[in-house]
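Residue numbers (my numbering), protein chains in the order written: chain A, 88 to 267; chain B, 2 to 126.
Worksheet for the structure shown next.
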Amino acid sequence: MEPLDLFGMRESYNRQQIMLCFNGPISRSLIEEIGNALRNYLSSENAPASSAMDVFAVYIEMTQNIRHYTRQKDWTDPEAGATVVVARDEQGRYVVSAGNLIESADGERLQAAVQALAGLDKTELKARYKEQLRKPRDEQASSGAGLGLIDIARKASEPLEATLREVDASRSFISLRAVI
Amino acid sequence: MNDFSIAGTQSSPAIRGDWAQGLLAMQGDSYPENSYELFHQVFTWIEAYLADAGRPLHLELRLLYLNTSSIKAMMDIFDLLEAAHLAGKAVSVSWLYDQRNERVVELAEEFKEDCTFPFDVVSHD
Numbered sequence: 088m089e090p091l092d093l094f095g096m097r098e099s100y101n102r103q104q105i106m107l108c109f110n111g112p113i114s115r116s117l118i119e120e121i122g123n124a125l126r127n128y129l130s131s132e133n134a135p136a137s138s139a140m141d142v143f144a145v146y147i148e149m150t151q152n153i154r155h156y157t158r159q160k161d162w163t164d165p166e167a168g169a170t171v172v173v174a175r176d177e178q179g180r181y182v183v184s185a186g187n188l189i190e191s192a193d194g195e196r197l198q199a200a201v202q203a204l205a206g207l208d209k210t211e212l213k214a215r216y217k218e219q220l221r222k223p224r225d226e227q228a229s230s231g232a233g234l235g236l237i238d239i240a241r242k243a244s245e246p247l248e249a250t251l252r253e254v255d256a257s258r259s260f261i262s263l264r265a266v267i
Numbered sequence: 002m003n004d005f006s007i008a009g010t011q012s013s014p015a016i017r018g019d020w021a022q023g024l025l026a027m028q029g030d031s032y033p034e035n036s037y038e039l040f041h042q043v044f045t046w047i048e049a050y051l052a053d054a055g056r057p058l059h060l061e062l063r064l065l066y067l068n069t070s071s072i073k074a075m076m077d078i079f080d081l082l083e084a085a086h087l088a089g090k091a092v093s094v095s096w097l098y099d100q101r102n103e104r105v106v107e108l109a110e111e112f113k114e115d116c117t118f119p120f121d122v123v124s125h126d
């Protein structure tokens, strides 16, 4: 096994202003605990209450979407893992990113949904959000991450980005990135 | 008569239904993975109260952060109140917030847009 270079990892995290990162199987309680740590970090950095709440909200929606998706697929722990990073960009804005394995067809659909939202302004996003909120629950479940995705887009200060990388014949890794 | 209370946790609000007072109070954050289970009890209590109590119902909310599935569940509750209001029943909501948290006001105001019954969004200090 290649020896772990913890110092190198630390330098890289610091350089990229990563406040918090996680990689592995994610449970309900882990989402809450990491969320707690995130809130504490934000409060110790004296982040304004509204940005702290937006960062937390985006983190919760992204991770719970991953949980819902992987449980719906009935995947095992290693497949159902999430990669989550909360960082700051050069301008000091918070950036929340989360990635997970996804069936390639679902990944393409999600990416198309993200791209469709990217062209909407805040008023259009609100209209889309209210429309989605009124859809029956089963319809929401089948569309996958509909309401959560719009909610994330509404809290973001830039259009969301979704990148897809092929892993094998049927699966890909999707990364979603939101700048608050 | 038919009171109920659910203790709050880190990710779910404290909820109390007082039949004699005609009061339903909810306080805290709400982001459980499955908010349907939690809110179903609240929904059922409100439905029973509106059908049987024959008295006004008031909701006192001190909710902070709601994930989207909790927002959906709250919308179902407000729709229930709206239907009762249109049927001539006395229902009202007050949503109390801390002035420092403008996101709570935005959330409450957005719910209020779709309601015609008395819905106050008030700062609690």
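All C-beta atoms in this analysis are idealised placements derived from N, C-alpha and C, irrespective of residue type, glycine included.
Say whether the segment 70-78 of chain B touches the segment 109-125 of chain A, bearing in mind that this needs 3 or more beta-carbon pairs closer than 8 angstroms, one atom from each stretch.
no
Beta-carbon of residue 14 of chain B versus every beta-carbon of chain A: anything under 8 angstroms?
For the purposes of this step, residue 14 of chain B is taken as the residue at position 13 of the second sequence. So no, residue 14 of chain B is outside the interface.
Note down, in chain order, each residue of its chain lying with its Cβ closer than 6 angstroms to the Cβ of residue 94 of chain B, except the 5 sequence neighbours on either side.
Against the second sequence, residue 94 of chain B aligns to sequence position 93. Within the same chain, residue 94 of chain B has close Cβ partners 60 and 120.
Using a Cβ cut-off of 8 angstroms (strictly closer), state whether residue 34 of chain A contacts chain B.
Chain A is shown from 88 up to 267; residue 34 of chain A falls before or after that span and cannot be answered.
Note down, in chain order, each residue of its chain lying with its Cβ closer than 8 angstroms to the Cβ of residue 147 of chain A, except the 5 sequence neighbours on either side.
Here residue 147 of chain A is taken as the residue at index 60 of the first sequence, counted from 1. Cβ within range, chain order: 118 and 122.
Does the beta carbon of residue 98 of chain B come closer than 8 angstroms to any beta carbon on chain A?
Within the second sequence, the letter at position 97 stands for residue 98 of chain B. It does not: the Cβ of residue 98 of chain B has no partner Cβ on chain A nearer than 8 angstroms.
Look at residue 201 of chain A and residue 236 of chain A and say whether their C-beta atoms are less than 8 angstroms apart.
Position 114 of the first sequence, counted from the first residue, corresponds to residue 201 of chain A. Position 149 of the first sequence, counted from the first residue, corresponds to residue 236 of chain A. Against a cut-off of 8 angstroms, the Cβ pair of residue 236 of chain A and residue 201 of chain A comes out as a contact.
Identity of the residues DSSP links to residue 16 of chain B by a beta bridge
If you number the second sequence from 1, residue 16 of chain B lands on position 15. B:7 and B:27.
Name the residues in the segment 129-156 of chain A whose C-beta lies less than 8 angstroms from a C-beta of chain B; which are they?
136, 137, 140, 141, 143, 144, 147, 148, 151, 154 and 155
Within 10 angstroms of the Cβ of residue 66 of chain A, are there 16 or more other Cβ atoms? Answer buried if so, exposed if not.
Beyond the ends of chain A as shown, which are 88 and 267, falls residue 66 of chain A; an answer cannot be given.
Does chain A have any CB closer than 8 angstroms to the CB of residue 34 of chain B?
The residue given as residue 34 of chain B occupies position 33 in the second sequence. Answer yes: the Cβ-Cβ gap between residue 34 of chain B and chain A drops below 8 angstroms somewhere.
Would you say residue 238 of chain A reaches chain B, if we count a Cβ-Cβ gap shorter than 8 angstroms as a contact?
Within the first sequence, residue 238 of chain A is the residue found at index 151, counting from 1. For residue 238 of chain A, the answer is yes, since a Cβ of chain B falls inside 8 angstroms of its Cβ.
Please say whether residue 263 of chain A and residue 173 of chain A have beta carbons closer to each other than 8 angstroms?
Walking along the first sequence from the start, residue 173 of chain A turns up at place 86. Walking along the first sequence from the start, residue 263 of chain A turns up at place 176. No, they are not a contact pair.
Nearest-angstrom beta carbon gap, residue 191 of chain A and residue 257 of chain A [assumed within contact, 8 angstroms]
As a working mapping, residue 257 of chain A is identified with position 170 in the first sequence. As a working mapping, residue 191 of chain A is identified with position 104 in the first sequence. About 6 angstroms; that satisfies the 8 angstroms criterion.
Using the rule of at least 16 other Cβ atoms within 10 Å of the residue's Cβ for burial, across every protein chain shown, is residue 140 of chain A buried or exposed?
Taking the first residue of the first sequence as 1, we reach residue 140 of chain A at position 53. So residue 140 of chain A ends up on the buried side.
If you draw a straight line from the alpha carbon of residue 221 of chain A to that of residue 115 of chain B, how long is it in whole angstroms?
To locate residue 221 of chain A, count along the first sequence from 1; it is residue 134. To locate residue 115 of chain B, count along the second sequence from 1; it is residue 114. Each residue's Cα considered, the two are about 11 angstroms apart.
Listed by chain order, chain B residues near residue 235 of chain A by CB distance under 7 angstroms:
Within the first sequence, residue 235 of chain A is the residue found at index 148, counting from 1. The contacting residues are 69.
If you measure from the beta carbon of residue 104 of chain B to each beta carbon in chain A, is any gap under 8 angstroms?
For the purposes of this step, residue 104 of chain B is identified with residue 103 of the second sequence, where counting begins at 1. For residue 104 of chain B, the answer is yes, since a Cβ of chain A falls inside 8 angstroms of its Cβ.
Simplified DSSP assignment, three categories, for residue 162 of chain A:
Position 75 of the first sequence, counted from the first residue, corresponds to residue 162 of chain A. It is coil, neither helix nor strand.
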